[in-house]
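Heads up, the thing below is written out as structure tokens.
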Amino acid sequence: MRIIRAAEHRQVPWKNGGGLTAEIAAFPEGASMDGFDWRLSMADVVSDGPFSIFSGIDRTLTLLSGAGMALDIEGRERIVLDSGSPPLAFPGDVAVRATLVDGPVRDLNVMTRRGRFSHRVEPFSVNGHREVGVETETGLLFCRHGEARIGGETVSKFDVARLERGAVAIEGDAAFCLVLLQRR
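In UniProt numbering, the protein residues as written are 1 to 184.
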């Protein structure tokens, strides 16, 4: 297990130049915006506008905070997300336009290169003790809020525990997103 602290997140410009994202982790490490196989990032969306296009990429977006964001995804009906919405999966190579409901939002973004990796995002909360299993090659346990101990390490808001296959015990009072990544 490796802990990636919130202070270690690297600020990088959006591919379309419309803002900044906090890059949390990517594989291979240090990969460019066009060269990653998977990527976990967090973005503050402060205005309406288009999403960056990522050819050959599958994405999942989870709204972390803010009043909400309406997404117009090519080929789908409009969907409105808020911080209680389930993670939303969509292809990165279709046109997406965001309209903020009432002010800025923060989102968690998971991207995997189609044909190389797949992913899923599972939100959950811990109030006391819980065992979490990672049945895929890699798991990224993102702390949405609160504080907990994982394998002897304390994690808090926006920290990430990078986990290998197996089970891990979590103690505390926190909300998480478990990102499961599997090589194809």
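Where is the CB? At the ideal position from N, CA and C, for every residue including glycine.
Owing to the predicted nature of the structure, the values given are computational and were not obtained by experimental measurement.
Let me check one thing: in DSSP terms, what residues is residue i bridge-paired to?
i	result
residue 145	175
residue 170	130 and 150
residue 72	97
Smallest Cα separation from residue i: which of the options?
i	options	result
residue 182	131, 112, 157 and 150	112
residue 99	121, 119 and 73	73
residue 85	106, 101, 63 and 31	63
residue 176	57, 152, 169 and 160	160
residue 91	57, 137 and 20	57
residue 14	44, 29 and 1	44
residue 47	29, 54 and 18	18
Can you tell me which of the three DSSP states residue i falls into?
i	result
residue 8	helix
residue 110	strand
residue 38	strand
residue 83	coil
Hey, how far is the Cα of residue i from the Cα of residue j?
i	j	result
residue 50	residue 27	25 Å
residue 89	residue 153	31 Å
residue 171	residue 115	36 Å
residue 119	residue 29	18 Å
residue 137	residue 184	10 Å
Determine the burial state of residue i: buried for a count of at least 16 other Cβ atoms within 10 Å of its Cβ, exposed for fewer.
i	result
residue 9	buried
residue 133	exposed
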